[in-house]
Each structure stands twice: as C-alpha cells, then as structure tokens.
Amino acid sequence: MMNRENAVIKMHLRRYGIKETAIYRRDKQQLINDTVEILNNPKISRGTKKSILSNVILPEWTKINGRYKGCPNWSKNALDIFLQRLEFKRDGQELTEGLFHEQIVPRKLLEEILVNQDLVIDDNKVYFNLFKILTISEEINERSIKKLFDTYLLGAVVKKEEHELLREMPDRFFEPSHKDFGNVWLRYLDAGIELVEVVWNNKSEIIGYNNLVPAIDLKKVVSTFSC
C-alpha cells in the first residue's frame, strides 16, 4: 500500500514539474535549525523528540555527503575491500556488500544527551552535565548543537564483522577526570579497528586518504570552540 501511495505522490510531483529531492532536501544548517526548534519546543513530547532525532536528523547528518561514497571515515579493512571492488569495475550493491555505515558515537547516546537534559538521575542531571561539558554551553542553540554535531555526530563505513565488535561507549568516555573523556574514537580504539580519513572530490571519487584518525584531544577542542 505504501509503495502505491509513494507512486501516486511521485506521479503528481512529475505532473507539476516538482523535483522530489529539491522539496525535501536539507543541508546541515537546516538540520541544526530543526534540532534547536524541536528540542526547545515544550509542546513536543520527549518521545516524539527522540523519534525525530533517531529516525531523521541524526542519521541524515552522517549521510549528508553519502552513505558510502562521500563518507569521510572508513575502517582500513572496509576501504581495502572497496578499492579492490572499484578496481574490478563493480558498482551498485556489489560495491558495498558486506559494508556498514554506522555512527562513531552511538546514536542512542546522542539522543539521550539531547532529549533528557532535564532528567534527574541519582540527584544529578547526568545528560545536561555531559552536554554542558562537551559543548561548553548550558543552552540548546545553533552554536551548541553545531559543536556537538560537528565533533560527535560522525559517520564511518566498516565491515559488518567490525560493526559487531563495536560495543557501547566505555565508561571512561563519561569521566571528566579521565584522559579518554569525550574521546570520539574510543570504541574503535578499544576494538582495535584502524580508521582512515578518506578525501573525496565533488564527483564522489577518492583523491586521497590519511592514516589512522587520531584520538581527539578534548583540550584542543575546547580551546577551538572558545575562540
């Protein structure tokens, strides 16, 4: 039934000369604006906010340049497979079979940080405090959301076997006194998965890549954000 409804909608869009992608396309700034508006609206329930973040905004942000082609972060193993397939002129499903686009910081964690800032756990606003430290802000606004998304809402392409090795974010990610506090790459380092940063041109062609993505230095991040 849904496919039939979609077909009818597309037929009417074509009839009136409307490009489907054009009317629904959102860039990163629009996603930031939408997030701020949704989170600051008291009339929207916590469950609806979480659903919109989980199903629309967070996954769309990491795939905005492409689920595979265009994605800047790859495991070395996944990239090796991808390059071999390109060499043999494979495309479509054959090109990405066995590969998985995932979020470097678990989506559920970012949802909790964003949606449950007013939730008191053990006499402590855990998620509010984490948001405040990671974004250097106590308010949900364009600046703080951009900081959080740019630093922690990152996508990566890995082998499906590697994806299964990735567990929840380790406890030391949440401990401000620990050297690994806020380390976005922590799950990958613990799993022994080597990541590379891939550089793409505007034709979705690889023009280079860098070695292991370094562990983030939160002090440098904080000083950058404070500028």
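Quick note: the sequence shown, position 169, residue 166 per our numbering, numbers continuous. Quick reminder that beta carbons are idealized off the backbone N, C-alpha and C, glycines included.
Check: Starting from the Cα of residue 47, find the closest Cα among 113, 182, 69 and give me that residue.; Outcome: 113
Check: Would the beta-carbon of residue 70 fall within 8 Å of that of residue 192?; Outcome: yes
Check: Quick check on DSSP: helix, strand or coil for residue 190?; Outcome: coil
Check: Just to check my reading of the structure: residue 181 and residue 102 have Cβ atoms closer than 8 Å, yes? What is that Cβ distance to the nearest angstrom?; Outcome: 6 Å
Check: Could you tell me whether the region 26 to 44 touches the region 53 to 68, using the rule of 3 or more Cβ pairs below 8 Å?; Outcome: yes
Check: Quick check on residue 153: buried or exposed, where buried means 16 or more other Cβ atoms within 10 Å of its Cβ?; Outcome: buried
Check: By DSSP, does residue 96 sit in helix, in strand, or in coil?; Outcome: strand
Check: Can you check which of these residues, 45, 89, 110, 77, is closest to residue 136 by C-alpha distance?; Outcome: 110
Check: To which residues does DSSP link residue 206 through a beta bridge?; Outcome: 195
Check: Give me, in chain order, the residues of the same chain whose beta-carbon lies closer than 7 Å to that of residue 297; leave out the 5 immediate sequence neighbours on both sides.; Outcome: No statement about residue 297 is possible, as the shown extent of the chain runs from -2 to 224 and does not include it.
Check: Looking at the structure shown, is residue 134 part of a helix, part of a strand, or coil, going by DSSP?; Outcome: coil
Check: By the 10 Å Cβ neighbour count, where 16 or more other Cβ atoms means buried, how is residue 164 classified, buried or exposed?; Outcome: exposed
Check: Check whether the region 148 to 162 and the region 69 to 84 are in contact - that is, three or more C-beta pairs closer than 8 Å.; Outcome: yes
Check: Spell out the partners DSSP gives residue 41 in its beta bridges.; Outcome: DSSP lists no partner for residue 41.
Check: Quick check on residue 201: does DSSP put it in helix, strand or coil?; Outcome: coil
Check: What three-state label does DSSP hand residue 101 in the structure shown?; Outcome: coil
Check: Nearest by alpha-carbon distance to residue 162: which of 176, 119, 64, 183 is it?; Outcome: 183
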